[in-house]
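Following the working numbering, the numbering of the sequence shown begins with 211 at its first residue and continues without gaps. Think of the CB as a built atom: it goes at the ideal place given N, C-alpha and C, for glycine as much as any other residue. None of the values given here were measured: they were computed from a predicted structure.
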Amino acid sequence: MDVKHIERDYQNAREEYAAYGVDTDSIMKIMENVSLSLHCWQGDDVRGFENPNASLEGSGIQVTGQYPGRARTAEELREDLEQAFSLIPGKHRLNLHAIYGEFEGKTVDRDEIRPEHFYGWIDWAREKDIKLDFNCTCFSHPKAVSGFTLSHKEKSIRDFWIEHVKLCRTISVYMGKEMRSPCIHNLWIPDGSKDITVDRMNHRSLLTDSLDQIFEEEFPAVEIKDSLESKLFGIGSEMFVVGSHEFYMGYALSRGKMLCFDIGHFHPTESVADKISAVLQFTDEILLHVSRGIRWDSDHIVILNDEIKDLMSEIIRSNALDRVHIALDFFDASLNRAGAWVIGARATLKAILLALLEPRSKVLEAENKNDYFTRLALLEEMKSMPFGAVWNYFCLEMGVAVGENWITKIQQFDCDVTKKRV
Ligand code: RNT
Ligand code: ZN
């Protein structure tokens, strides 16, 4: 698509939306400031650089696919990320996991990691003007194979993981200061079991106690924001997950922490969209892990489906774009991994744009008059509006490839770079 056509189509779309009272130019300004947090772990199938042979056993997560070219080093991962970032319109963040430290061939256990292991990432992020978020890694480790970490019945195991998470919060604080942007530290643990567990109460009490120890030390919110992520079930934890939604909802609200909603971590017909305005009554901010649940897997690549559209609509309708942090969380090893990031990030941004393009005052006016016919008719009409023209123009304005051109860039990258990794 050439520039002339993109501009012409945009001018037409602009007029069409204006007829509904929607100002596409000002929406473009809002879009420019939307910042997603890209998850580093799509680039290497959640392996990290600690031990290339580490397994996800006991973690309740699994990566499938054999596509060649996963990143094996921090340099390769950064190369892939640069490619992905160059095709995603806007300025975005990077979300690291503790296993992605640069350990220089040394064995550095989880209770030994320090900010210095992330200097390479920090320097690179500063150079590229990318802000950082962080996650402790309480899986892929011999002390996690039992399936329990912070809620393990043995104190020595719990203490090990408590120490790890404390260190990760210190690293997050360091990153937050260095990048001059609060680093979101998200905690997700795999704890749970395959079959009927009779002492759920004990595990949950232990988890409460471990978390209280972890959060004993307080840091300024300009440096770190803590969030806690629940899950419904995992592979091998089908019957019992210690950190369930109710557990973390109670914990986060009573301790002033952020909740993280991974949209793949709920019952298939349960709507995370509907939770936004509910929890925002009681907490200032939340974190989202945007994903796509398919049957047993909670981590397929995000596409522009109804679930993501409803979710973003709810954020916009609640006026909460500045209170909801949006991170991506999926991993697929069956296709070019940089391409996977771009598909997911672009789909998420498209959903936000679509939500912003809703003729809010008109729909609201109808609703307030109990005119439900007009409300529904307007929402239906929006589905055939020229949203694609606005999206393409946004990409053009942000200097990223439009339409099929970005697909060609990934195909080229796949041939020139990732497929050559043997
Ligand atoms: C797992 C959680 C968690 C992980 C990452 C790697 O079910 O979604 O967020 O995907 O921490
Ligand atoms: Zn997640």
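Answer yes or no: do residue i and residue j have a C-beta to C-beta separation smaller than 7 Å?
{"i": "Q293", "j": "I372", "result": "no"}
{"i": "L246", "j": "A555", "result": "yes"}
{"i": "G444", "j": "G270", "result": "yes"}
{"i": "H249", "j": "R320", "result": "no"}
{"i": "T234", "j": "R218", "result": "no"}
{"i": "P299", "j": "M608", "result": "yes"}
{"i": "S382", "j": "I434", "result": "yes"}
{"i": "G311", "j": "S571", "result": "no"}
{"i": "G656", "j": "V451", "result": "Nothing about residue 656 can be reported from this structure: the residues present for the chain run from 211 to 632 only."}
{"i": "E524", "j": "A557", "result": "no"}
{"i": "V573", "j": "R585", "result": "yes"}
{"i": "A565", "j": "I526", "result": "yes"}
{"i": "I496", "j": "S528", "result": "no"}
{"i": "D626", "j": "D539", "result": "no"}
{"i": "L613", "j": "M211", "result": "Residue identity differs from the one stated: residue 613 is Gly in this sequence, not Leu. In this structure, M211 lies closer than 7 Å to G613 by Cβ."}
{"i": "A543", "j": "D255", "result": "yes"}
{"i": "A354", "j": "G268", "result": "yes"}
Any heavy atom of the ligand MN closer than 6 Å to the Cβ of residue i?
{"i": "H499", "result": "The model on display carries the ligand RNT and the ligand ZN but not the ligand MN."}
Residue i CB to nearest chain C CB: under 7 Å?
{"i": "T584", "result": "This model lacks chain C altogether; it includes just one protein chain."}
Between the Cα of residue i and the Cα atoms of the options, which residue gives the shortest distance?
{"i": "N261", "options": "E267, L304, H351", "result": "H351"}
{"i": "L545", "options": "I511, D532, L531", "result": "I511"}
{"i": "S447", "options": "D419, T407, S382", "result": "T407"}
{"i": "T347", "options": "N396, M385, G330", "result": "N396"}
{"i": "R257", "options": "R368, F541, S481", "result": "F541"}
{"i": "F623", "options": "Y220, M211, R280", "result": "R280"}
{"i": "A530", "options": "G330, I240, M211, F429", "result": "I240"}
{"i": "F259", "options": "T493, T317, E427", "result": "T317"}
{"i": "K593", "options": "F295, K519, E439, L360", "result": "K519"}
{"i": "A335", "options": "T359, K301, S361", "result": "K301"}
{"i": "T283", "options": "K441, T380, F313", "result": "F313"}
{"i": "P478", "options": "Y458, I486, S508", "result": "S508"}
{"i": "N615", "options": "L297, N263, L291", "result": "L297"}
{"i": "S501", "options": "S528, V489, T493, C470", "result": "C470"}
{"i": "A462", "options": "L442, S437, Q621", "result": "S437"}
{"i": "G474", "options": "N602, Y227, S440, M468", "result": "S440"}
{"i": "N412", "options": "F425, K363, I332", "result": "K363"}
{"i": "K467", "options": "A308, V489, F476", "result": "V489"}
{"i": "L417", "options": "K404, V612, G460", "result": "G460"}
{"i": "I307", "options": "F328, L291, E289, G613", "result": "The displayed chain sequence assigns His, not Ile, to residue 307. The option with the nearest alpha carbon to H307 is F328."}
{"i": "R465", "options": "D494, V610, L442", "result": "D494"}
{"i": "D333", "options": "R505, M385, Q272", "result": "M385"}
Answer with buried or exposed for residue i, where buried requires no fewer than 16 other C-beta atoms within 10 angstroms of its C-beta.
{"i": "N222", "result": "exposed"}
{"i": "M449", "result": "exposed"}
{"i": "R324", "result": "exposed"}
{"i": "Q491", "result": "exposed"}
{"i": "M522", "result": "buried"}
{"i": "G549", "result": "buried"}
{"i": "V534", "result": "buried"}
{"i": "G453", "result": "buried"}
{"i": "A229", "result": "exposed"}
{"i": "F393", "result": "A small correction: the amino acid at residue 393 is Cys; Phe does not occupy that position in the sequence shown. Answer is buried; the Cβ neighbour count reaches 16."}
{"i": "F349", "result": "buried"}
{"i": "N243", "result": "exposed"}
{"i": "D343", "result": "buried"}
{"i": "E591", "result": "exposed"}
{"i": "N290", "result": "First, the residue type needs correcting, since residue 290 is Asp and not Asn in the sequence shown. The residue is buried, with at least 16 neighbouring Cβ atoms inside 10 Å."}
{"i": "N263", "result": "exposed"}
{"i": "T618", "result": "exposed"}
(request) Let me know the alpha helix (DSSP H) ranges lying completely inside the region 273-323, each 4 residues or longer, listed in chain order. (result) Here the runs fully enclosed are 284-295.
(request) Ignoring anything shorter than 3 residues or poking outside the region 478-509, list the beta strand (DSSP E) runs there in chain order. (result) Residue ranges of uninterrupted beta strand (DSSP E) with 3 or more members, entirely inside the region 478-509 and ordered along the chain, are 496-500, 502-504.
(request) Kindly provide the ranges of any beta strand (DSSP E) runs that are 3 or more residues long and lie completely inside the region 328-388, ordered along the chain. (result) Counting only runs of 3 or more, we get 342-345.
(request) Within the region 518-562, note down every full beta strand (DSSP E) run reaching 3 residues or more, in order along the chain. (result) Within the region 518-562, the complete beta strand (DSSP E) runs of at least 3 residues are 534-538.
(request) Give, in chain order, every unbroken run of the beta strand (DSSP E) that is at least 3 residues long and sits entirely within the region 568-613. (result) Listed in chain order, there is nothing to give.
(message) Give the list of continuous beta strand (DSSP E) stretches no shorter than 3 residues that lie fully inside the region 383-439.
(response) Segments of the beta strand (DSSP E) lying fully in the region 383-439: 393-397, 434-439.
(request) Only counting runs of 3 or more residues, tell me where the beta strand (DSSP E) segments fall wholly within the region 213-283, in order along the chain. (result) For the region 213-283, whole beta strand (DSSP E) runs of length 3 or above, ordered along the chain, are 246-249.
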